[in-house]
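Residue numbers (the working numbering), protein chains in the order written: chain A, 33 to 335; chain B, 33 to 335; chain C, 32 to 315; chain D, 32 to 315.
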Amino acid sequence: MADLSIKIHDILFKNPVLTASGTCGFGKEIQDFVNLESLGGVVMKGTTLNPREGNSYPRMAETPSGMLNAVGLQNKGVDNFVRNIYPGIKDIDTHFIVNVNGSTIEEYIAVTERINELEKIPAIELNISCPNVKEGGMAFGVSCPAAEAVVKAVRKVYNKTLIVKLSPNITSITEIAKVCEAQGADSVSLINTLLGMAVDAEKRKPVLSTVTGGLSGPAVKPIALRMVWQVHNAVKIPIIGMGGIMNATDAIEFILAGASAVQIGTGIFKDPDIFEKTISGIESYLDRHKLHSISELIGKLQM
Amino acid sequence: MADLSIKIHDILFKNPVLTASGTCGFGKEIQDFVNLESLGGVVMKGTTLNPREGNSYPRMAETPSGMLNAVGLQNKGVDNFVRNIYPGIKDIDTHFIVNVNGSTIEEYIAVTERINELEKIPAIELNISCPNVKEGGMAFGVSCPAAEAVVKAVRKVYNKTLIVKLSPNITSITEIAKVCEAQGADSVSLINTLLGMAVDAEKRKPVLSTVTGGLSGPAVKPIALRMVWQVHNAVKIPIIGMGGIMNATDAIEFILAGASAVQIGTGIFKDPDIFEKTISGIESYLDRHKLHSISELIGKLQM
Amino acid sequence: MQQVAAFILLRNILHRIIFALKSVNMRKTVSDLLLIDNKQLNKDNFLLKLQSKTPLSDIFPGQFVNVEIKKATEIFLRRPFSIMDVDYENRTISLLVKILGRGSKVFTEYIPGELVSVIFPLGKPFTLPLPNDRILLIGGGSGVAPMLFLAKICGLKPEQVHMILGARSATDHVDISEYEGLANLYYATEDGSKGEKGFVTHHPLFTHQLESFDKIYTCGPDPMMKAVAKEAYKRKLFCEVSLENTMACGFGVCLCCVEDTKHGNLCVCTEGPVFNINDLKWQI
Amino acid sequence: MQQVAAFILLRNILHRIIFALKSVNMRKTVSDLLLIDNKQLNKDNFLLKLQSKTPLSDIFPGQFVNVEIKKATEIFLRRPFSIMDVDYENRTISLLVKILGRGSKVFTEYIPGELVSVIFPLGKPFTLPLPNDRILLIGGGSGVAPMLFLAKICGLKPEQVHMILGARSATDHVDISEYEGLANLYYATEDGSKGEKGFVTHHPLFTHQLESFDKIYTCGPDPMMKAVAKEAYKRKLFCEVSLENTMACGFGVCLCCVEDTKHGNLCVCTEGPVFNINDLKWQI
Ligand SMILES: Cc1cc2nc3c(=O)[nH]c(=O)nc-3n(C[C@H](O)[C@H](O)[C@H](O)COP(=O)(O)OP(=O)(O)OC[C@H]3O[C@@H](n4cnc5c(N)ncnc54)[C@H](O)[C@@H]3O)c2cc1C
Ligand SMILES: Cc1cc2nc3c(=O)[nH]c(=O)nc-3n(C[C@H](O)[C@H](O)[C@H](O)COP(=O)(O)OP(=O)(O)OC[C@H]3O[C@@H](n4cnc5c(N)ncnc54)[C@H](O)[C@@H]3O)c2cc1C
Ligand SMILES: Cc1cc2nc3c(=O)[nH]c(=O)nc-3n(C[C@H](O)[C@H](O)[C@H](O)COP(=O)(O)O)c2cc1C
Ligand SMILES: Cc1cc2nc3c(=O)[nH]c(=O)nc-3n(C[C@H](O)[C@H](O)[C@H](O)COP(=O)(O)O)c2cc1C
Ligand code: FES
Ligand code: FES
């Protein structure tokens, strides 16, 4: 049986399949469907310094093979995470990763410092790509100087694994990836959602309260694959790929394009069994192709 | 019965529905299905100075609610157009628009000058956004100085209606749109295809001979709508919107977001009757909503 | 009949105990259910019956399912529907599906024998009435589904249960004669073609006797529920409504379905769909 | 039988005249055809019969249809299939559909009575043989479909028509007994379970008698067609192949289906799918 484990910096993941931030809560919420210990890891809902109510309803629009969301980082703040959520997850045998957000560099630093204290959180995913907040978020992810500043600042206060989550709403994603690498990021994850919009023709109104929202799901997969492949050719740090993964075949496509691990987000809304199916599907793919480990696939696209 | 006509610069279109470049040949190819004279206009296949063979097969990959193409501007060159195609279309009662391409500014100018001589071509669509050619193409559409240079140069030699076709593979589409407006473009059309990629997991190879290709179809509609809306809020010149339009409702969504006209591309591959259905659908929408003309809808999204 | 009523009462009490013990933590599952019946009730409404291979867990009125509609090119997300009835013995659940758009349309075209992927049971149910309560159920459109389910398993005597059903016209009402023994049924139609003319809130039972009820439950179009809530709130009556905010996941992870409540943005799929009107920001 | 043959010959001659007159400019249409039959032939192959409301235009072997497969969430483009047979009287066309991926799978699950949107007739057909030609037809997999159609309407006497059908194993061969009177049929299977063991190009008729044929036609997997083309080319024999490049539109506007020929990139959907091997860059 093939070895599904992979390494991102100094963390060994059982398998390359993680939950994507904002789509599986803090893990506990999906326990009815998913044995959390069978996952490579759980990237939790975006966390900010202070509690946030997020944007007004409606926050969601279905689109062809995808959806727009405009949740806007609704969460109870990092204190609540440390006090009420961390104790409940710290003994579960998988890697829990905190998705760190902020409106200012100071906020990113403050959240990171709180998380740094938590023994059982081996990594943070620095979200510089949320398209659904007025301040911060994506603004940091679509400008090289801004990305440089925030990654540098966070790197200074964080000595565990630092993953930076990149925005696809950009002319050249490789430039941002290179900046993150240069500032000491241990890994980049991509893609966050694409800025999109939905219109209700009958009501002649935008569907979302915020007009625009973030596009995810299979619709974005070709764009995500292209970006993973581009970044793979541009940096040496490991890549965590995502965007529209619905099954093991999709996951393999990302790994071939250069991802060491993948995250699944929107897919769970359609099929809560998606993690189990994807992990076992990757296993049988490896067996069928007579491969001994995932590493034999990473970036191994034949040109 | 409502008035479907719209104006782009000094051209009056019977209705706001045009074919998108590269998806309906030069018009003649779809005559079995479509009465060309019922269309607002026909934007023809991308034309270059010299004949081009385009990229190697495979050039196409189906994706969720969309497709990737890597045709790469296969065409017989502007001379062939002038000699063999123009005579066959010039007496058809609709507006034929040439999609002008080049690897260098000189090539853009040379093609434009040839087209300028043709009495019955009222407009060109300057394609600075083709993602499938090695030189030129999108390179002009994702950098403000490059876009500025090519639009300026072409504007100098062309005094009919100049439409510039924008690329979505960019951080801020409004900046490019503003540059085009400042250089005298009469209209902008958007979006061209999004750079994407498809992987064949079984063969462990890219599906396309060119690795990456251009994504079109319903999958991109949310992104296209967002960009049309952004550009509508940034420039005063009329916008021609496109990207995933499959029916009248989709077309209305673009018009509400700010497009004066729309183009349909990939949609015809699925349904060759799409033009007829879309035009009559827009008509009944106007009637049902008791509107007298399209202009009452353009950009009229209630916020 | 009396035996049946006694049985229902017993089951209801049992349910209430189980429910309290589990504190609404019934395990959600995703499973392929077999469509065993699909009956068109009127122009837009269909009754679909789905059968599980395995025994059903306890299900309460107000809870819902989230259904994958695979057979249509253009549907991406699942579609939520309230549970209208449960038959534990035959392991079936019934749904009342009204054609609203593309997804509901295609779902009503499914043929018995086909498998449907369903996530259930989802959401928090209505608070069950106390044995001596006099209750008023108000259903509009497909909102009658959870009302009928509640009438059926609330365990009260028929004279304690009053139900007003609203629709645009007589032909929009579905046939619910099988519920006649369980409650006092009243109708309202906008065109007056069945029962009282006007909205449910124009029905004399509502306008004149509202305060005679201990609990009011409602499900239907937003304007209807808001009108009901307003009157109940004014009179400080117990009133629960079942919301239908659009959903992506249906099980509490996407945070898309939120309602702005007095306790902040709460997920309708997990904190609801049933809310006590005192928690909402509706009344003004 | 003789009458039938005479009739076919006549129709064939007529077709050839019409064909020449129209210079392959038969009008393409998109229409909803009624699926009237769907028969499973073996594990992966199905025979689907579609009926048109209006009379069919003339259709020739090698031409194809482009089918919309609406009933599956994940299919976006149409799928092309060769026309295997035409019944002008009953206005039906038959398709031989082999399950390859998602689209073909869902298509074979369609139930008689359903409507299918079809664009047809598409593409340039095989060159019909001359009255005295001795022809060899070589079909592999679903490539037998246009071969059978050609055998049926070529108007030659059965002794002039020889057909080798290749498959992996006997169980992959579809039953074509109804064609027995029209041609000499030979089989090849990779495992030897029916006819000669090996590929079609290992069949004695191919290895020893190839030069006795005036025209060779082939449709099937690329490696098979390439092997056939190579031998025919070496011997300067007339040989046409039918390509199956992936398509987006199927009617010549997207330029996605091109084959790199001696005349540059040509669209398989309009300049093909049938090509004379002399025009291709295959032989080396
Ligand atoms: C908890 C819950 C229980 C429900 N119970 C039932 C039930 O028992 N029976 C029943 O028939 N329906 C029920 N619904 C509503 C049902 O989910 C929608 O009718 C269905 O999702 C519409 O899908 P569609 O694809 O047909 O419509 P779409 O094509 O997606 O939409 C058509 C139009 O309706 C609007 N729309 C879609 N869904 C909603 C919604 N939830 N609220 C308001 N507007 C909407 C869209 O914006 C659009 O304008 C319930 C919804 C929820 C959240
Ligand atoms: C002119 C023409 C005539 C055809 N006639 C027939 C016919 O009579 N009967 C029949 O069964 N099939 C025929 N085919 C092939 C048929 O179109 C494909 O089998 C079908 O499109 C596959 O769709 P799918 O969704 O099942 O496979 P997908 O899920 O799209 O693909 C499954 C796998 O097959 C590959 N694939 C898909 N289509 C092709 C192709 N055209 N060539 C090579 N690889 C491909 C894909 O890359 C993928 O790896 C014909 C094709 C053409 C172009
Ligand atoms: C409802 C929703 C909420 C999300 N919230 C977050 C978030 O809090 N932080 C973050 O980094 N990404 C967030 N994302 C983005 C996802 O993590 C992921 O990057 C994106 O959805 C693409 O993957 P997918 O197509 O598999 O969903 C969210 C996505 C969705 C759909
Ligand atoms: C096969 C194909 C070929 C195309 N060729 C061109 C082209 O030559 N010039 C151009 O400006 N756009 C070209 N496009 C882009 C379309 O004109 C259009 O901008 C894009 O496809 C989005 O619209 P749609 O989703 O309706 O197809 C092409 C698109 C496709 C699918
Ligand atoms: S629908 Fe996802 S949280 Fe309610
Ligand atoms: S498939 Fe579009 S040109 Fe051939």
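Idealized CB from N, CA, C, for every residue including glycine.
What you are looking at is a predicted structure, and each value in this text was computed from that prediction instead of being measured.
Mapping DSSP to helix, strand and coil, what is residue i?
{"i": "L81(B)", "result": "coil"}
{"i": "S54(C)", "result": "The pLDDT assigned to S54(C) is 45, lower than 50, so where the model puts this residue is not dependable; a value taken from the coordinates is nonetheless given after this. DSSP places S54(C) in coil when its eight states are reduced to three."}
{"i": "G154(D)", "result": "coil"}
{"i": "V96(C)", "result": "strand"}
{"i": "E315(A)", "result": "helix"}
{"i": "K101(D)", "result": "coil"}
{"i": "C270(C)", "result": "strand"}
{"i": "T298(A)", "result": "coil"}
{"i": "P254(A)", "result": "helix"}
{"i": "L288(B)", "result": "helix"}
{"i": "S173(D)", "result": "helix"}
{"i": "P304(B)", "result": "coil"}
{"i": "D118(C)", "result": "strand"}
{"i": "E145(C)", "result": "coil"}
{"i": "M32(D)", "result": "Because M32(D) carries a pLDDT of 47, less than 50, the predicted location of this residue cannot be relied on, and the following value inherits that uncertainty. Coil at M32(D), not helix or strand."}
{"i": "V103(B)", "result": "coil"}
Quick one: give me the first and last residue of the beta strand (DSSP E) that residue i is part of.
{"i": "I121(A)", "result": "Counting along the chain, I121(A) falls outside any beta strand (DSSP E), though it belongs to the alpha helix (DSSP H) covering 118–121."}
{"i": "I247(D)", "result": "246–250"}
{"i": "R165(D)", "result": "That residue, R165(D), is in no beta strand (DSSP E); it is neither H nor E in DSSP."}
{"i": "D68(C)", "result": "60–71"}
{"i": "R110(C)", "result": "110–113"}
{"i": "C298(C)", "result": "295–298"}
Within the continuous alpha helix (DSSP H) that includes residue i, where are the two ends?
{"i": "R187(A)", "result": "176–189"}
{"i": "P235(D)", "result": "235–240"}
{"i": "F138(C)", "result": "133–139"}
{"i": "A214(A)", "result": "205–214"}
{"i": "E139(B)", "result": "137–148"}
{"i": "N112(B)", "result": "109–112"}
{"i": "M33(A)", "result": "Taken as a continuous stretch (DSSP letters only), M33(A) belongs to no alpha helix (DSSP H), as it is neither H nor E."}
In the DSSP assignment, what residue or residues form a beta bridge with residue i?
{"i": "H127(A)", "result": "G73(A)"}
{"i": "F172(B)", "result": "Bridge partners of F172(B): none, in fact."}
{"i": "S221(A)", "result": "K197(A), I272(A)"}
{"i": "H193(D)", "result": "L167(D), N215(D)"}
{"i": "G228(B)", "result": "G245(B)"}
{"i": "K84(D)", "result": "None, per the DSSP bridge assignment."}
Say whether the segment 131–145 of chain A touches the segment 162–179 of chain A, bearing in mind that this needs 3 or more beta-carbon pairs closer than 8 Å, one atom from each stretch. Yes: at least three Cβ pairs fall under 8 Å.
Which runs of the beta strand (DSSP E) fall wholly inside the segment 201–234 of chain C and span at least 3 residues, in chain order? Within the segment 201–234 of chain C, the complete beta strand (DSSP E) segments of 3 residues or longer fall at 215–220, listed in chain order.
Is the number of C-beta pairs between the segment 260–268 of chain A and the segment 107–119 of chain C that are closer than 8 Å three or more? They do not touch, by the three-pair rule.
Taking three-plus beta-carbon pairs below 8 Å as touching, is the segment 118–134 of chain B in contact with the segment 52–72 of chain B? Counting Cβ pairs under 8 Å, three or more are found: they touch.
State whether the segment 211–218 of chain D contacts the segment 257–277 of chain D, with contact taken as three or more CB pairs (one from each stretch) at a distance under 8 Å. Touching, no.
Check whether the segment 94–101 of chain B and the segment 312–322 of chain A touch, using three or more Cβ-Cβ pairs below 8 Å as the test. At 8 Å Cβ cutoff, the stretches do not touch.
Is it true that the segment 80–95 of chain B meets the segment 107–118 of chain B, where meeting means three or more beta-carbon pairs spaced less than 8 Å apart? Yes, since at least three Cβ pairs between the segment 80–95 of chain B and the segment 107–118 of chain B fall closer than 8 Å, the two stretches touch.
Stretch pair the segment 183–195 of chain C + the segment 141–149 of chain C: three plus CB contacts closer than 8 Å: Because the criterion of three Cβ pairs below 8 Å is not met, the segment 183–195 of chain C and the segment 141–149 of chain C do not touch.
Three-pair Cβ contact test at 8 Å for the segment 57–64 of chain D versus the segment 148–168 of chain D: Taking 8 Å as the limit for Cβ pairs, the verdict is that the segment 148–168 of chain D does touch the segment 57–64 of chain D.
So, does the segment 277–290 of chain A touch the segment 250–258 of chain A, judging by three or more C-beta pairs under 8 Å? By the Cβ rule, the segment 277–290 of chain A counts as touching the segment 250–258 of chain A, because three or more pairs are nearer than 8 Å.
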